[in-house]
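These notes are about the structure you will find just below.
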Amino acid sequence: MIKNNQLHQTSIRKANKARIFNEFKNYGIAVFLLILFFILWQFATSSSFERLIPKPSTIVQTIIDKWPLLATNSKQTLFEAVVGFLIGTSTGILIAIGFVYSKKFAKSIYPFLVFLQCMPLMALMPLLVLWFGTGLASKVVLITLATFFPTVINVVQGLISLDKPTIEFMETLNASEMQIFWKARVPFSIPYLFTAMRVTVTTAILGAIISEWLWATKGLGAVIVLAMFNAQVEVLWASMALATIFSLLAFSLIVILEKLVIPWHISNQE
Amino acid sequence: MPAVEINNITKIFSLKTGPVTALSNISFNVEEKEFVSVIGPSGCGKSTILRIIAGLLKPDEGDVSILGVTPLEARKQRLYSFVFQDPIMFPWRNVLSNIEIPLEVLNRNERKQYAGRAQEMLDLVGLQGFGAASPNQLSGGMRQRAAIARALLMRPEVLLMDEPFGALDEINRDKLNLELMRIWQETESSVVFITHSIEEAVFLSDRIIMLSPRPGTVAAEINIDLPHPRNIEIKQSEAAFNYATSVRKMLNQITLDALLVESGVN
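Chains A and B, in that order, give the protein sequences.
Terminal number for the first sequence in this note's numbering: 270, no gaps in between.
Terminal number for the second sequence in this note's numbering: 536, no gaps in between.
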């Protein structure tokens, strides 16, 4: 039986290798298409057009030339996004736990949550600036509001996804409500939290930039507004490119974290 | 003292369509070191009985005791283990650590009594070498073996098994029946075994409790006087076959009677 198991392991390893190669092939095509796209863009942009759509090389050059300016402002934006994301996610988790353990709480809070979710948050921004000032606070509040709703919805789903036999199993072990929560409910809900974070991490960066459009003096959003008024198209593009790269990196970070924290989950096995 | 004592249990479920009597006046005992199967057509409340014994459901009338104490007290004293149809493995734990889940509710001192015990149980159920594997890498039959190992971890006096092999194919089920007999003969706890497989019930049991459906009542008790230890020869013996045939006849009669009552033909 042990020998069989080893044989089995080698064939699993072989299958894994084949799978990784296939995946690489797929990514290879994507990378090739992306490079092709940038090459076409580089050569298709005529000089008359370049006022509005600069060549990729110009955008890269701008990022290099304006690096000190872009770097300080990016730092500001990322700081706001990270703080807002962390507060939004943790508030979301706490409210989700409240939801699952108190029907009364769920029923009384849920309408407000839906109300908040339906409110166009961008329209709320001027009010937030009036209430919390033009500094960090108003931005963090906006990002928190934008990120915590998806967190609540997903984590609630995760916490109630524990099936009845598992609960009964834990009960027959004489496990307390707390033990069932920590040993079973929480681990089973973590994949759902990651689903939420994949969405909210990009929302946080978007929220940070947009909230900087109003009265902000620092941040990528402020740079974008200033560049627009000064008709510095290449700075606009450079900021946009950076924001996209940050979002991509943040998203990838969550995906990598997911593979590390919940390697057992189905989404990480195929 | 009987291992499990069931006195006049009645259970009524209130459904949207109105109250339904699931069990009516059920009484039977399971003696120490006895293997009792509960069999009956679907909807006769087999699983409900087991859940009442385990204290997962409360009966509307009657009472249950395990070795003289209430189900909840028995749970505290770890007198029984429950094996579900689903093996219930936590995918973030390896197989060995899944077998150790029951230890999670104990304090450090209590845990010491069971040091090395999980590995022993793993060996007992024939999963040596699979302790570090993920439960996802195991077949359904192997996962159920692990679930049995986990149920035996704390040396329970009573094993409550709710169609543990119900989701397996017949070949695997036969194999695990033989394995269960071998394991049970080593542990000698009392077993209440829910099944809808006649051959399984005959081969495993000292006694079969047959239930009739809607509401569930005890229709018959059949002693299975096959010799111990039960092995493949006994499984294939004429005596076992004859028992299975007579149980099948009785079950068919019960199902037919129930159908006639339901359709109003008396």
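Where is the CB? At the ideal position from N, CA and C, for every residue including glycine.
Check                                                                                                                                          : Outcome
Please classify B/Leu-293 as buried or exposed, where buried requires at least 16 other C-beta atoms within 10 Å of its C-beta.                : buried
For A/Ile-64 and B/Arg-363, I'd like the C-alpha separation in whole angstroms.                                                                : 48 Å
Per DSSP, what kind of secondary structure is B/Ile-336 in: helix, strand or coil?                                                             : strand
In whole angstroms, what separates the C-alpha of A/Pro-82 from that of A/Val-129?                                                             : With the sequence shown as reference, residue 82 of chain A is identified as Val, and Pro is not the correct amino acid for it. Taking the straight line from one Cα to the other gives about 19 Å.
Per DSSP, what kind of secondary structure is A/Gly-28 in: helix, strand or coil?                                                              : helix
For chain B, is any of its Cβ atoms less than 9 Å away from the one on A/Ala-175?                                                              : yes
What does B/Leu-326 touch in chain A if you count any residue whose Cβ is under 8 Å from its own?                                              : Glu-168, Glu-171 and Thr-172
For the segment 149 to 157 of chain A against the segment 223 to 243 of chain A, are there 3 or more C-beta pairs whose distance is under 8 Å? : no
What does the alpha-carbon distance come out to for the pair B/Pro-357 and A/Lys-17?                                                           : 31 Å
With a threshold of 16 other CB atoms inside 10 Å of the CB of B/Gln-506, please say whether the residue is buried or exposed.                 : exposed
To which residues does DSSP link B/Val-300 through a beta bridge?                                                                              : B/Val-274
Give me the chain B residues within the contact set of A/Lys-183, using Cβ-Cβ distance strictly less than 9 Å, ordered along the chain.        : Phe-360, Ile-371, Glu-374 and Val-375
Alpha carbon to alpha carbon, how far is B/Asn-493 from A/Pro-165? Give it in angstroms, no decimals.                                          : 31 Å
Where does B/Tyr-513 fall in DSSP's three states?                                                                                              : helix
My guess is that A/Gln-179 and B/Val-488 are in contact by the Cβ rule of under 8 Å, so how many angstroms apart are they, rounded?            : A/Gln-179 to B/Val-488, Cβ: 37 Å. No contact.
Between the Cα of A/Gly-84 and the Cα atoms of A/Pro-263, A/Leu-257, A/Leu-206 and A/Ser-46, which residue gives the shortest distance?        : A/Leu-206
At a Cβ cut of 9 Å, what residues of the segment 142 to 167 of chain A count as close to chain B, listed as they run along the chain?          : Asp-163, Pro-165 and Thr-166
What do you get for B/Cys-314, buried or exposed, if any count of 16 or more other CB atoms within 10 angstroms of its CB means buried?        : buried
Using the three-state DSSP reduction, which class does A/Met-1 fall into: helix, strand or coil?                                               : Confidence is the limiting factor: at A/Met-1 the pLDDT is only 47, short of 50, which leaves the residue's position unreliable, though a coordinate-based value still follows. Residue state, collapsed to three classes: coil.
Among A/Leu-249, A/Ile-167, A/Gln-76 and A/Leu-33, which residue has its Cα nearest to the Cα of B/Arg-321?                                    : A/Ile-167
Kindly indicate which three-state DSSP category A/Lys-104 falls into: helix, strand or coil?                                                   : helix
Roughly how many angstroms lie between the CA atoms of A/Met-1 and B/Ser-297, to the nearest whole one?                                        : Residue confidence for A/Met-1 is low, a pLDDT of 47 falling below 50, so the modelled location carries little weight and cannot support an answer.
For A/Thr-250 versus A/Ser-239, is the C-beta spacing smaller than 9 Å?                                                                        : Residue identity differs from the one stated: residue 250 of chain A is Ala in this sequence, not Thr. Not closer than 9 Å, so no.
Buried or exposed, going by whether 16 or more other CB atoms sit within 10 Å of the CB of B/Ile-453?                                          : buried
Grab the span of the alpha helix (DSSP H) containing B/Arg-345 for me, first residue to last.                                                  : 341 to 346
Measure the CB-CB distance between B/Pro-483 and B/Ser-317 and report whether it falls below 9 Å.                                              : no
Over the uninterrupted alpha helix (DSSP H) stretch that includes A/Tyr-192, give me the two end residues.                                     : 186 to 211
Could you check how far apart the C-beta atoms of A/Leu-162 and A/Phe-188 are, in whole angstroms? I think they sit under 8 Å.                 : 5 Å
If we ignore side chains and look at the alpha-carbon of each, how far apart do B/Phe-511 and B/Ala-471 end up?                                : 12 Å
Thinking C-beta only, is A/Glu-50 closer than 9 Å to A/Thr-58?                                                                                 : yes
Among A/Ile-143, A/Val-223, A/Gly-219 and A/Asn-174, whose alpha-carbon lies nearest the alpha-carbon of A/Val-199?                            : A/Ile-143
Quick one: what does DSSP say A/Ser-138 is sitting in, helix, strand or coil?                                                                  : helix
Let me see if you follow: with CB-CB separation under 9 Å, is A/Met-1 close to chain B or not?                                                 : Low local confidence applies: a pLDDT of 47 at A/Met-1 is under 50, so the model's placement there is unreliable, with the coordinate-based value given in what follows. Yes, A/Met-1 counts as interfacial toward chain B.
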